[in-house]
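Trainee:
Number of protein chains: 2
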Amino acid sequence: MNAPSLRVLIIEDDPVIRRFVRSALEAEACEVFEADTAARGEIEAGTRQPALLILDLGLPDRDGQDVIRGLRTWSQVPIIVLSARTNEDEKVRALDAGADDYLVKPFGVPELLARVRAQLRRSALIGHEAQPVFCFGQIEVNMIERRITRAGEEVHLTPIEFRLLAALIRSHGRVMTHRQLLTEAWGPGYAERSHYLRIYMKQLREKLERNPAQPEFLLTETGVGYRLAG
Amino acid sequence: MNAPSLRVLIIEDDPVIRRFVRSALEAEACEVFEADTAARGEIEAGTRQPALLILDLGLPDRDGQDVIRGLRTWSQVPIIVLSARTNEDEKVRALDAGADDYLVKPFGVPELLARVRAQLRRSALIGHEAQPVFCFGQIEVNMIERRITRAGEEVHLTPIEFRLLAALIRSHGRVMTHRQLLTEAWGPGYAERSHYLRIYMKQLREKLERNPAQPEFLLTETGVGYRLAG
DNA sequence: CCGGTTCTTTACGCAATCCTTACGCCCGTT
DNA sequence: AACGGGCGTAAGGATTGCGTAAAGAACCGG
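So the sequences go chain by chain: A and B. For the first sequence, position 128 matches number 128 in our numbering, and the numbering has no gaps at all. For the second sequence, position 225 matches number 1225 in our numbering, and the numbering has no gaps at all.
See below:
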């Protein structure tokens, strides 16, 4: 089923489950990497460039949602979350943070593998381009370090400003609707508040554009949304 | 106003669940279509071109796996399966048949919506080069980036102009009646106002045709509607 | 508890878009 | 030749959406 060298990264602190998942995946001819903390996991995700990521939500060093959101700023790798918590709210938050699937422990190996296959099948249609550093004009955006420089000078962005910019970068060239941007930067409950966008786009332009009144990169598509030139 | 809302198709025989899922999705500003059998579902999937499909496995007229496989022969639309069966084998077969997610009844609305969002988010990333670019003459229309170029030069269209062009492209070659075009571009309340069409077709021709007075592509079918040559 | 940062709310002028109105042309019918 | 339906063309007013500013509310670290 799987091509021989499909890389999968497991981020999980429990060595028993890690071993368990690893052997299941290796039976599917995947190349498996492991990490036992979020910090190590992020580094591995950057260096190994896995095709799929299996993430335990209960890591010792950082909150699960946080880890997902961090990964999502620079990578589109499919993420399957494992968690002992059946709590619906937990599921929703993980999925909205950017996870693609959520599997409750204990789970059966066949189901895990089937969900892995489903995610890989889907992402094979997409075309993989994880870009930890993105540039336009004099701007350089490092998604991993969350740092932006403009002509070498560091630019400070607030969390929402950064999420907005990250969303635009992820689909640079393409128009993102108001609804999409609001959902990505604020969350699914804010889809109607398009006036927020005007304020934050203004701030982003103020910080990034040469002439904020006539933007070169952060472009308006009236009645639809915004678009990052590319 | 109305951002281009995402179309979702529910194929489910139980009217209670159908209603239930519909209202949940409509709260998320989706445009919802329904079908109560696999046969009708397949037709709807073809004509409506939904962005997401929610499929009950226990349909009266055909086996669930079969339906999925049938759809997958011609469509890559994300499919979320609903089923009363918790049986792991059932899950594996549905996922391997081509489903993207599997949700066991009874499920909570928040989880369903979160999984819907996850699937839509994922499928919105469909590759830049891989997908629908329509060409006619020197015109190139990229539906995903929402950009139009004419001989390489970018052409700006207003939201209504774009929807009108998109409707014509969707049935390129065939005639679309005034009523159909008005409904697609303005909404169901505007079916009678055919004078709008004259104005906007004029503008489209002005922007796209070599000689707007003698259109090569945006053709009039007197007394009926318009047609995109192709 | 305080000061600073970030987020949210409110308000208004301007620009893009949409809608309305008007008129002229072509063409088949009377 | 006059008429009317259907369409194309033009221009201006109405509406909506966007950019901008500023101030209050919530949040966070000390």
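Heads up, the beta-carbon is just placed ideally off N, CA and C, and yes, glycines get one too.
1) Which stretch, first to last residue, makes up the beta strand (DSSP E) that contains arginine 227 of chain A?
2) Assess, as a yes-or-no matter, whether the region 57-65 of chain A is touched by the region 1073-1092 of chain B under the definition of 3 or more beta carbon pairs within less than 8 angstroms.
3) Let me know the secondary structure DSSP gives methionine 1143 of chain B once reduced to three states.
4) Pick out the complete alpha helix (DSSP H) segments inside the region 159-228 of chain A, 4 residues or longer, and give them in chain order.
5) Taking alanine 1084 of chain B as part of the beta strand (DSSP E), name the residues at either end of that continuous run.
6) Quick one: complete beta strand (DSSP E) runs, 3+ long, within the region 20-103 of chain A?
7) Just to confirm, are arginine 1121 of chain B and isoleucine 1080 of chain B a CB contact at a threshold of 8 angstroms?
8) Grouping DSSP H, G and I as helix and E and B as strand, with all else coil, what is glutamate 1012 of chain B?
9) For leucine 1006 of chain B, name the three-state secondary structure that DSSP assigns.
10) Among the candidates B:Ile1043, B:Val1155, B:Glu1028 and B:Asp1096, whose CA atom is the shortest distance from the CA of glutamine 1138 of chain B?
11) What residues in the region 158-174 of chain A have a beta carbon less than 9 angstroms from any beta carbon of chain B?
12) Tell me isoleucine 1148 of chain B's beta-bridge partners as DSSP assigns them.
13) Hey, how far is the Cα of threonine 1183 of chain B from the Cα of leucine 103 of chain A?
14) Assuming contact is defined by CB atoms lying nearer than 8 angstroms, are proline 215 of chain A and arginine 205 of chain A in contact in what I supplied?
15) Using the Cβ count rule (16 or more neighbours within 10 Å means buried), how would you classify asparagine 1002 of chain B?
16) Please confirm if valine 1092 of chain B has its CB atom under 8 angstroms from at least one CB of chain A.
17) Would you list, in chain order, the members of the region 179-207 of chain A that have their beta-carbon closer than 7 angstroms to a beta-carbon of chain B?
18) Run through chain A and tell me which residues come within less than 8 angstroms of glycine 1108 of chain B, C-beta to C-beta.
19) Between arginine 7 of chain A and glutamine 76 of chain A, how many whole angstroms is the CB-CB distance? I'm expecting something under 8 angstroms.
20) Compare the C-beta of alanine 1118 of chain B with all C-beta atoms of chain A and state if any pair is closer than 8 angstroms.
Mentor: In short, the structure shows the following:
1) Its beta strand (DSSP E) spans residues 225-228.
2) no
3) coil
4) 159-170, 178-185 and 194-208
5) Note, alanine 1084 of chain B: premise wrong, no beta strand (DSSP E); not H, not E.
6) 30-35, 52-56 and 79-83
7) no
8) coil
9) coil
10) B:Val1155
11) Arg170, Ser171, Gly173 and Arg174
12) B:Val1141 and B:Val1155
13) Linking threonine 1183 of chain B to leucine 103 of chain A through their CA atoms gives a straight-line distance of about 42 angstroms.
14) yes
15) Note that asparagine 1002 of chain B scores 41 on pLDDT, short of 50, meaning its location in the model is unreliable; the coordinates nonetheless yield the value given after this. So asparagine 1002 of chain B ends up on the exposed side.
16) yes
17) From the region 179-207 of chain A, only Arg179, Pro188 and Ala191 have a Cβ closer than 7 angstroms to chain B.
18) Glu88
19) Incorrect: roughly 15 angstroms between the Cβ atoms, too far for contact.
20) Alanine 1118 of chain B counts as touching chain A.
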